[in-house]
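Novice: Got a structure for you, written out below as structure tokens; questions coming shortly.
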Amino acid sequence: MRYAASFMPTKAPLPMAAQAFNEAPEHAREGEKSLSDFALRFVAFAPALGIAILLSFAIFQWFAAGGVTLLERAIVALVGLTFVWISFSVITVLMALVQRMTRPCRLARTGRGPSERVALLIPVYHEDPASVFGNANAMLQELARGAQHDNYALFILSDTRDPELAEMEERAFFSLRQNCALGMDVFYRRRLVNADKKVGNLTDWIEGWGGAYDAMLVLDADSLMSGGAIRRLTHELSADLEAGLIQSVPVLIGAQTLFGRMQQFSNAVYGWLLSEGVALWAQGEGNYWGHNAIIRTRAFAQSARLPYLRSLRGKDSLILSHDFVEAGMLRRAGWRVKFLPRLGGSYEETPQTLIDYALRDRRWCLGNLQHLRLLGARGFHPMSRFHMLQGAAAFLLSPLWFALVLIWSVLGMMPEMITQTYFVPSNPLYPIWSGADQAQGWIYMAVIYTMLLLPKLIGALALCARGDIRRDYGGAGRFIATMLFEVICAIIYAPIMMVQQTLAVFSAVSGRAATWSPQARGVEGYDLSTTLRFHKVETLLGLSLSFGIASGTVPLSLLPVALPLLLAVALSMLGSVSIAKAKLSWMRLESPQALRVPRIVKRANEERAKMQRALETPEPIAIAAE
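All the letters of the sequence shown, read from the start, carry residue numbers -14 to 611 under the working numbering.
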């Protein structure tokens, strides 16, 4: 491999063993089989499936009073398919709540510190150098304050192609070398060719230098971890010799817009419970999210080299969402893959606008749908297959919800629905469905919406019970008002995201991966022209549904879907507005990370600003000594 720039230590090659999806590893380690693991998974999966079946049956009986049509059968099927995942989320959160109430946090004792050498790896591709290197310096400074800091080394692994950005990266690297804490090793290299993207970037490092390090801690460009969190992950890996990968649960930070704060607040309220529940039923068959995780280097090299996939058009390429698959490959080789949900100090940034969020989903969608092709691959643990199925379902649920909306609309347009039971003189505003009691229908809708919101409500109640609302959220009253505002916002933006994810799925399935890349981004999001082009589908659908409701051919119950779609452009631009302009405190959607900024985040902000000033200085940074 040739490099455009390389400031690296002496090579220590570690070959990546070839793998295949059509055959299991020959020398796989035997994983531990536990009756308690089976019991936990039964508790998680069985009730979720049972609730979905019961609701589907109840809706079927509701329709059956007037004879079940084909479209009504489709509604029953779609409700069952979507509701099983909703129920599963609720059960997962409830299991986590019981776990939190009955079992204290148990992490490995730290002592003096493990002897493992750990490489902090930050793959970058056309990222802001000031942010990347500023974050890196903040993490190095915190590590330098702890014991055995010389066991850590940081590598910036660049695939940047833009010449100006590449030049800034090199300047930022030398600035970091000059100003980082004493005793901390910092390295940088930039590949000439961006072969296999992030997977190829990391593979190149493993095969070139991985032999010198016992573990690698993979970070994204927007990742941030405190020194304590990094050392804790190292201790946990050292204490569990069966562990091949330990995944921390990043907390969202950095949101400065209404839409960004929605994601950040929701994550703070119930994300901690959801991750705890996933860790509970996953146990040693956990997952990998591609960043903020520590990996045993030799285990990864021996078992997780990704083979190429042949596309329907006959082209060989690596799977795009590689992290889920790499976790499965580690597990099929006998290594434990664990979540560590109670580890603090792990952070990542969230998209600031609805458009940025949707574009990220488009990038993830194709890769997650590729997971479906691996469900029958040889040697994977059933839980690894479930993680891959769940990753695909996260996107496939949106087309299912969209189909449910369309069928519901079509039912309202059918002549027999209009003339016989849709509107009656005694009740001209609300539709009455064939063979059904109107009140019963609204009860079922209330059940569905309640279940959708229940994980978040459980998290909110748990926070209130903990008694730290005043400190972390500015008081109980402020928390309740903020919570209600976030729920309303989530309901309003949900139809827009449903359509965007549906478009992403259709694009991926058709083989025409979306490449829409808007450039007209200003200080507060995108301009009107760009936003109109991006949300044209939602706007047209909103117009159609609104006209149908006004004409009496579409059920009035779809109004909460129609209005947000109709107003998608305005809502998208509103979500991009800086939260600092909000007059009322509860409208700023402040989570603990916003009210009490963590030390590592403060330090990173300071180092980013320093690095930006260094890069803006007209005098070039001296590099003659290198």
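Cβ atoms here follow ideal geometry from the backbone N, Cα and C, with glycine treated the same way.
A quick note: this is a predicted structure, and the numbers were derived from the prediction, not measured.
1) Taking all protein chains shown into account, decide if Ile340 is buried (16 or more other Cβ within 10 angstroms of its Cβ) or exposed.
2) To the nearest angstrom, report how far apart Tyr458 and Phe464 are at their CA atoms.
3) Using only CA atoms, which one of Pro540, Met558 and Trp386 lies nearest to Leu66?
4) Please report the straight-line C-alpha distance between Ser288 and Asn7, rounded to a whole angstrom.
5) Rounded C-beta distance between Ala(-3) and Arg175? I'm assuming under 8 Å.
6) With respect to the alpha helix (DSSP H) encompassing Ala115, which residues constitute its N-terminal and C-terminal limits?
7) Applying the criterion that 16 or more other CB atoms from any shown protein chain within 10 Å of the CB defines a buried residue, is His688 buried or exposed?
8) So, Pro108 versus Ala206, is the Cβ gap smaller than 9 Å?
9) Helix, strand or coil for Met(-7)? Go by DSSP, reduced to three states.
10) Which residues in the same chain have their Cβ closer than 6 Å to the Cβ of Thr487, if we skip the five residues on either side of it in sequence?
11) Under 7 Å Cβ to Cβ from Arg345, same chain only, skipping five residues before and after it: list those, please.
12) Output the residue ranges of the beta strand (DSSP E) runs that lie fully inside the stretch 191 to 258 and measure 3 residues or longer, sorted by chain position.
13) Looking only at its chain, what residues have a beta carbon closer than 8 Å to the beta carbon of His520, apart from the 5 residues adjacent to it on each side?
14) Per DSSP, what kind of secondary structure is Phe159 in: helix, strand or coil?
15) Hey, could you find the ends of the beta strand (DSSP E) Leu106 is sitting in?
16) Take every Cβ of the stretch 219 to 234, pair it with every Cβ of the stretch 35 to 45, and state whether three or more of those distances are shorter than 8 Å.
17) Less than 9 Å separating the beta-carbons of Ala9 and Arg317?
18) Cβ of Ile231 within 9 Å of Cβ of Gln249?
19) Taking the continuous beta strand (DSSP E) assigned at Ile564, which residues delimit it?
20) Looking at the structure shown, is Leu360 part of a helix, part of a strand, or coil, going by DSSP?
21) Taking DSSP as the reference, what is the three-state secondary structure of Gly262?
22) Which same chain residues, not among the five before or five after Thr524, have their C-beta less than 8 Å away from its C-beta?
23) Would you kindly report the start and end of the unbroken alpha helix (DSSP H) that includes Ala553?
24) With H, G and I counted as helix, E and B as strand and the rest as coil, what does DSSP make of Phe532?
25) Per DSSP, which one or two residues make a beta bridge with Ala278?
26) Keeping to the same chain, check which residues put their C-beta closer than 8 Å to that of Phe68; ignore five residues upstream and five downstream.
27) Going straight from the alpha carbon of Leu227 to that of Ile280, what length do you get?
28) Give the range of the beta strand (DSSP E) segment to which Glu334 is assigned.
29) What residue does the beta strand (DSSP E) around Val171 start on, and which one ends it?
30) With a threshold of 16 other CB atoms inside 10 Å of the CB of Lys323, please say whether the residue is buried or exposed.
31) Could you check where the alpha helix (DSSP H) with Ile141 kicks off and where it finishes?
32) Tell me the rounded alpha-carbon separation between Pro583 and Gly330.
33) When the Cα atoms are used, what is the spatial distance from Gly212 to Thr602?
34) Comparing alpha-carbon positions, which option in Trp393, Phe(-8), Cys350 and Val522 lies nearest Leu142?
35) To the nearest angstrom, how far is it from the Cα of Val184 to the Cα of Asn353?
36) CB Glu592 to CB Gly119, shorter than 9 Å?
Specialist: Let me lay it out:
1) The residue labelled residue 340 in the question sits at position 355 within the sequence shown. Buried, since its Cβ has 16 or more Cβ neighbours within 10 Å.
2) As a first step, residue 458 is located in the sequence shown; it is residue number 473 there, counting from the start. As a first step, residue 464 is located in the sequence shown; it is residue number 479 there, counting from the start. When rounded, the separation of the alpha-carbon atoms in Tyr458 and Phe464 is 6 Å.
3) Your numbering for residue 66 matches position 81 in the sequence shown. It is Trp386 whose Cα lies nearest to the Cα of Leu66.
4) In the sequence shown, the residue the question calls residue 288 occupies position 303. In the sequence shown, the residue the question calls residue 7 occupies position 22. For Ser288 and Asn7, the distance between alpha carbons rounds to 14 Å.
5) Reading the sequence shown from its first residue, position 12 is the one you call residue -3. Reading the sequence shown from its first residue, position 190 is the one you call residue 175. Between Arg175 and Ala(-3) the Cβ distance is about 20 Å, and since that is not below 8 Å, they are no contact.
6) Position 130 of the sequence shown holds residue 115. Start and end: Pro114 to Ala129.
7) The chain is shown only over -14 to 611; residue 688 falls outside these bounds and no answer can be derived.
8) For this step, residue 108 is matched to residue 123 along the sequence shown. For this step, residue 206 is matched to residue 221 along the sequence shown. Taking the C-beta atoms as reference points, Ala206 is found nearer than 9 Å to Pro108.
9) By one-based count along the sequence shown, residue -7 stands at place 8. Reduced to three states, the DSSP call for Met(-7) is coil.
10) Position 502 of the sequence shown, counted from the start, is the residue given in the question as residue 487. Only Ser383, Pro384 and Phe387 meet the Cβ criterion.
11) Along the sequence shown, one-based indexing puts residue 345 at 360. Pro336, listed in sequence order.
12) The stretch 191 to 258 contains these whole beta strand (DSSP E) runs: 200 to 203, 208 to 210, 228 to 233 and 236 to 238.
13) Counted from its first residue, the sequence shown places residue 520 at position 535. Answer for His520: Ile481, Ala553, Val554 and Ser557, listed in chain order.
14) Walking along the sequence shown from the start, residue 159 turns up at place 174. Here Phe159 sits in helix by DSSP.
15) Along the sequence shown, read from residue 1 onward, the residue named residue 106 stands at position 121. From DSSP, the beta strand (DSSP E) with Leu106 extends over Val103 to Val109.
16) Contact check between the stretch 219 to 234 and the stretch 35 to 45: fewer than three CB pairs, one atom from each, fall below 8 Å, which does not count as touching.
17) As a first step, residue 9 must be located in the sequence shown, where it is residue number 24. As a first step, residue 317 must be located in the sequence shown, where it is residue number 332. Yes; because the gap between Cβ atoms is below 9 Å, this pair is in contact.
18) For the purposes of this step, residue 231 is identified with residue 246 of the sequence shown, where counting begins at 1. For the purposes of this step, residue 249 is identified with residue 264 of the sequence shown, where counting begins at 1. Contact flag unset, no.
19) Within the sequence shown, residue 564 is the residue found at index 579, counting from 1. Careful: Ile564 lies outside any beta strand (DSSP E) and carries neither H nor E.
20) Within the sequence shown, numbered from 1, the residue matching residue 360 stands at position 375. Coil.
21) Translated into positions along the sequence shown, residue 262 becomes position 277. Reduced to three states, the DSSP call for Gly262 is helix.
22) Position 539 of the sequence shown holds residue 524. Only Leu517, Leu550, Leu551, Ala553 and Val554 meet the Cβ criterion.
23) Here residue 553 refers to the residue found at position 568 of the sequence shown. Where Ala553 is concerned, the enclosing alpha helix (DSSP H) starts and stops at Ala553 to Gly560.
24) Indexing the sequence shown from 1 puts residue 532 at position 547. If DSSP states are grouped into helix, strand and coil, Phe532 belongs with the helices.
25) What you label residue 278 is simply residue 293 of the sequence shown in a count that begins at 1. According to DSSP, Ala278 bridges with Val203 and Gln232.
26) One-based indexing of the sequence shown puts residue 68 at position 83. So the qualifying residues of the chain are Ile36, Ala37, Leu40, Ser41, Ile433 and Met436.
27) Sequence index remark: in the sequence shown, residue 227 carries index 242 (1-based). Sequence index remark: in the sequence shown, residue 280 carries index 295 (1-based). Reading the sequence as shown, one finds Glu at residue 227 and not Leu. Approximately 12 Å, taken between the alpha carbons.
28) Here residue 334 corresponds to residue number 349 of the sequence shown, with the count starting at 1. In the DSSP assignment, Glu334 falls within the beta strand (DSSP E) that extends over Ser331 to Glu334.
29) For the purposes of this step, residue 171 is identified with residue 186 of the sequence shown, where counting begins at 1. According to the DSSP assignment, Val171 belongs to the beta strand (DSSP E) that extends over Asp170 to Arg176.
30) Taking the sequence shown and counting its residues from 1, one reaches residue 323 at position 338. When all chains shown are included, Lys323 counts as buried.
31) Position 156 of the sequence shown, counted from the first residue, corresponds to residue 141. First-last for Ile141: Tyr137 to Ser143, but that is the beta strand (DSSP E), not the alpha helix (DSSP H).
32) One-based indexing of the sequence shown puts residue 583 at position 598. One-based indexing of the sequence shown puts residue 330 at position 345. In this model, Pro583 and Gly330 are separated by some 8 Å (Cα to Cα).
33) In the sequence shown, residue 212 corresponds to position 227, counting from 1. In the sequence shown, residue 602 corresponds to position 617, counting from 1. Approximately 30 Å, taken between the alpha carbons.
34) Position 157 of the sequence shown holds residue 142. Taking only the C-alpha atoms, the option nearest Leu142 is Phe(-8).
35) Mapped onto the sequence shown, residue 184 falls at position 199. Mapped onto the sequence shown, residue 353 falls at position 368. Val184 and Asn353: Cα-Cα distance of roughly 16 Å.
36) Start at 1 with the first residue of the sequence shown, and residue 592 comes out as number 607. Start at 1 with the first residue of the sequence shown, and residue 119 comes out as number 134. Result yes, Cβ atoms of Glu592 and Gly119 sit closer than 9 Å.
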